[in-house]
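Working notes, beginning with the structure itself.
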Amino acid sequence: ILTKPDSIVTRLEREINRGREDRILELYAEEIWVATSGSPSGRLLSKQDVAYFYSEFFELYDGITYRVEVHGTERDSREANSTIR
Numbered sequence: 001i002l003t004k005p006d007s008i009v010t011r012l013e014r015e016i017n018r019g020r021e022d023r024i025l026e027l028y029a030e031e032i033w034v035a036t037s038g039s040p041s042g043r044l045l046s047k048q049d050v051a052y053f054y055s056e057f058f059e060l061y062d063g064i065t066y067r068v069e070v071h072g073t074e075r076d077s078r079e080a081n082s083t084i085r
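Numbering follows UniProt numbering, with no gaps: position 30 of the sequence shown is 30.
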């Protein structure tokens, strides 16, 4: 998938209209667990922090391209976890 984060949110909003609960949980979770190669143990971040990071990042690097790959999704009754690279 080649897309910007706001495009991902737009796609998840479509899932609400389709009634897919797992996608709704992902979209409206208060916090997001983020693990990276630099911080493999990960940590919880608020959606506002993630949005701020992307807004600052894209302001500095306007016109860059990047790739998002979903390597897997684990779900239980209360949350969905996606591995994205």
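For glycine and all other residues, C-beta sits at the position ideal for the given N, C-alpha and C.
Values in this document were obtained by computation on a predicted structure and should not be read as measured data.
Under the DSSP definition of a beta bridge, which residues are partnered with residue i?
{"i": "GLU31", "result": "SER46"}
Could you check how far apart the C-beta atoms of residue i and residue j are, in whole angstroms? I think they sit under 8 Å.
{"i": "VAL34", "j": "ARG43", "result": "6 Å"}
{"i": "SER46", "j": "GLU30", "result": "7 Å"}
In three-state terms, what does DSSP make of residue i?
{"i": "SER55", "result": "helix"}
{"i": "THR36", "result": "coil"}
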